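S.K.:
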Amino acid sequence: MDLRRKLIVCLSTAAVIAASVFGAELTDKAAKKGRDAVETSAGAAAHRPVIVLDAGHGGADGGCVSVNGVPEKGINLSVMQSTRDILTLLGYDVRCTRESDVSVHDEGVQGLADQKLSDMKNRLSLINSSGAVLALSIHQNQFTDPKYSGAQMFYREGSAESERLAESLRESFRRSLRPDNERETKPVGSELYLIHNAVCPAVMAECGFLSNPEEAALLETPSYQREVAFTLCDGVIAFLTA
Numbered sequence: 006m007d008l009r010r011k012l013i014v015c016l017s018t019a020a021v022i023a024a025s026v027f028g029a030e031l032t033d034k035a036a037k038k039g040r041d042a043v044e045t046s047a048g049a050a051a052h053r054p055v056i057v058l059d060a061g062h063g064g065a066d067g068g069c070v071s072v073n074g075v076p077e078k079g080i081n082l083s084v085m086q087s088t089r090d091i092l093t094l095l096g097y098d099v100r101c102t103r104e105s106d107v108s109v110h111d112e113g114v115q116g117l118a119d120q121k122l123s124d125m126k127n128r129l130s131l132i133n134s135s136g137a138v139l140a141l142s143i144h145q146n147q148f149t150d151p152k153y154s155g156a157q158m159f160y161r162e163g164s165a166e167s168e169r170l171a172e173s174l175r176e177s178f179r180r181s182l183r184p185d186n187e188r189e190t191k192p193v194g195s196e197l198y199l200i201h202n203a204v205c206p207a208v209m210a211e212c213g214f215l216s217n218p219e220e221a222a223l224l225e226t227p228s229y230q231r232e233v234a235f236t237l238c239d240g241v242i243a244f245l246t247a
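Mind the numbering: the sequence shown is residues 6 to 247 in the working numbering, read in order.
Structure, rendered in structure tokens:
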């Protein structure tokens, strides 16, 4: 049975939520783990594991732009919102660095560079003050050569748990969405501020290449964005319940 049906049975999900959120399959193993997570959280509602989701960019910072002219920031937000909804239904306490098309810089900060710095500090503060079991930053990739495609995970160098989370997400993409994805996980240092400075296991998930015409066309559709969200949740659940 796919995760959609199991969630409907376990959580009595309203039809409107099911129609807007569910639309892809996870593996049976991950689905069982998700159900177990719901049962566990139901018995300890006051101590739900916290997960922080970060939709990259926002506001004046659009991120990269697809070959079709679509800014990355909106795709990131859509994927994050579906990921948030699924993990919330599974019983997790999900915190988000942003939930709309905004920069989260401090009021009064002027200039895009200073706003970006303030924005990053505020995102990191939310992650590190939340007591999160993990943080996932959702992005899209871009390269000068349009032939490249596929999801790739970046994790904090020297963090075994971050590396394990990255591998879990990578395997989820291979298992559930892109069996041909051969992109390896990569460690990163201070060049990725959020990932490098997070105190919990943290990964930046580049969900695909907006510079690849075929992949960009998929990533721009709500149905595929939901599939990506399910795939991310699959990897998160597998990591947390291993």
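We put the CB at the ideal spot given by N, CA and C, even for glycine.
All values reported here derive from a predicted model rather than from experimental measurement.
As a quick exercise: from R183, L94, I80, A207, pick the residue whose alpha carbon is nearest that of V57.
M.R.: Of R183, L94, I80, A207, the residue nearest in Cα terms is A207.
S.K.: Give me the DSSP bridge partner(s) of P192.
M.R.: Answer is Y160, bridged to P192.
S.K.: Can you pull the DSSP bridge partners for V233?
M.R.: Its beta-bridge partners do not exist; DSSP assigns none.
S.K.: Quick check on C205: does DSSP put it in helix, strand or coil?
M.R.: Correct three-state label for C205: coil.
S.K.: Between R161 and S167, is the Cβ-Cβ spacing less than 8 Å?
M.R.: Their beta carbons are under 8 Å apart, which means R161 touches S167 by this criterion.
S.K.: Can you check whether the CB of S87 is closer than 8 Å to the CB of R231?
M.R.: Yes.
S.K.: Mapping the DSSP letters down to three states, classify P76 as helix, strand or coil.
M.R.: P76 falls in the strand class under three-state DSSP.
S.K.: Which residue wins for smallest C-alpha separation from G63, given the options R128, G113, D90?
M.R.: If we check each option's Cα against that of G63, R128 comes out closest.
S.K.: Taking a contact to mean a Cβ-Cβ separation below 8 Å, would you say C212 touches L224 in this structure?
M.R.: Going by C-beta atoms, C212 is nearer than 8 Å to L224.
S.K.: Using three-state DSSP, classify L82 as helix, strand or coil.
M.R.: Helix.
S.K.: Using the rule of at least 16 other Cβ atoms within 10 Å of the residue's Cβ for burial, across every protein chain shown, is G96 buried or exposed?
M.R.: That one is buried.
S.K.: N146 bridges to which residues according to DSSP?
M.R.: According to DSSP, which records beta bridges pairwise, N146 is partnered with F214.
S.K.: Check whether the region 167-176 touches the region 190-202, counting contact only when three or more Cβ pairs, one atom from each stretch, lie closer than 8 Å.
M.R.: These segments touch.
S.K.: Given a cut-off of 8 Å on the beta-carbon distance, is the pair S108 and D124 in contact?
M.R.: Result yes, Cβ atoms of S108 and D124 sit closer than 8 Å.
S.K.: On a Cα-Cα basis, can you pick out the residue from I91, A203, Y198 that is closest to V233?
M.R.: Of the listed residues, the one whose Cα sits closest to V233 is I91.
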